[in-house]
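Heads up: the structure comes next, in structure tokens.
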């Protein structure tokens, strides 16, 4: 089963508030940039001009194994941090999660 992990347009439709929509766009941009820079996502989330694709949907099959684990464990923590007023640009939770997941994967290979 190809589990839905993220749906940008659905998030945008949750509120007509412009500030909410700007926050969702900023969060999505930072998240997709992080996934891309760390080779955790298999599809291109951005258009040629660098903006997000409006129909961006991320499914389990679009992410690496570590990307899926990051989404299940650390994305909710990061999202909660942002909801409590945290800085969207601060991806330390995701970075630490990625390091932890890579460490676990390396240990299992040995």
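Numbering (the working numbering), first residue to last: 3 to 112.
Ideal Cβ positions, reconstructed from N, Cα and C, are used throughout, including at glycine.
Taking the straight line between their C-alpha atoms, what separation do you get for residue i and residue j?
{"i": "residue 51", "j": "residue 85", "result": "28 Å"}
{"i": "residue 47", "j": "residue 24", "result": "17 Å"}
{"i": "residue 61", "j": "residue 6", "result": "4 Å"}
{"i": "residue 21", "j": "residue 104", "result": "35 Å"}
{"i": "residue 40", "j": "residue 27", "result": "20 Å"}
{"i": "residue 10", "j": "residue 67", "result": "21 Å"}
{"i": "residue 59", "j": "residue 30", "result": "11 Å"}
{"i": "residue 88", "j": "residue 78", "result": "13 Å"}
{"i": "residue 14", "j": "residue 56", "result": "10 Å"}
{"i": "residue 38", "j": "residue 8", "result": "15 Å"}
{"i": "residue 76", "j": "residue 108", "result": "19 Å"}
{"i": "residue 83", "j": "residue 95", "result": "9 Å"}
Between which two residues does the alpha helix (DSSP H) harbouring residue i extend?
{"i": "residue 82", "result": "67 to 85"}
What is the DSSP secondary structure of residue i, reduced to helix, strand or coil?
{"i": "residue 9", "result": "strand"}
{"i": "residue 16", "result": "coil"}
{"i": "residue 100", "result": "helix"}
{"i": "residue 95", "result": "helix"}
{"i": "residue 120", "result": "The structure shown has nothing for residue 120, since the chain only spans 3 to 112."}
Within 10 Å of its beta-carbon, does residue i have 16 or more other beta-carbons around it, so buried, or fewer, so exposed?
{"i": "residue 3", "result": "exposed"}
{"i": "residue 70", "result": "buried"}
{"i": "residue 44", "result": "exposed"}
Counting along the chain, where does the beta strand (DSSP E) carrying residue i start and finish?
{"i": "residue 59", "result": "59 to 61"}
Near residue i, which residues of its chain fall below 8 Å by C-beta distance, leaving aside the five closest residues on each side in sequence?
{"i": "residue 49", "result": "55"}
Does residue i have its Cβ less than 9 Å from a Cβ in chain B?
{"i": "residue 59", "result": "The question asks about chain B, but that chain is absent: this structure has only one protein chain."}
Short of 7 Å in beta carbon distance, which residues of its chain neighbour residue i, apart from the five on each side in sequence? Order them along the chain.
{"i": "residue 64", "result": "43, 44, 45"}
{"i": "residue 91", "result": "32"}
Excluding the 5 residues preceding and the 5 following residue i in the sequence, name in chain order all residues of the same chain whose CB lies nearer than 6 Å to its CB.
{"i": "residue 106", "result": "none"}
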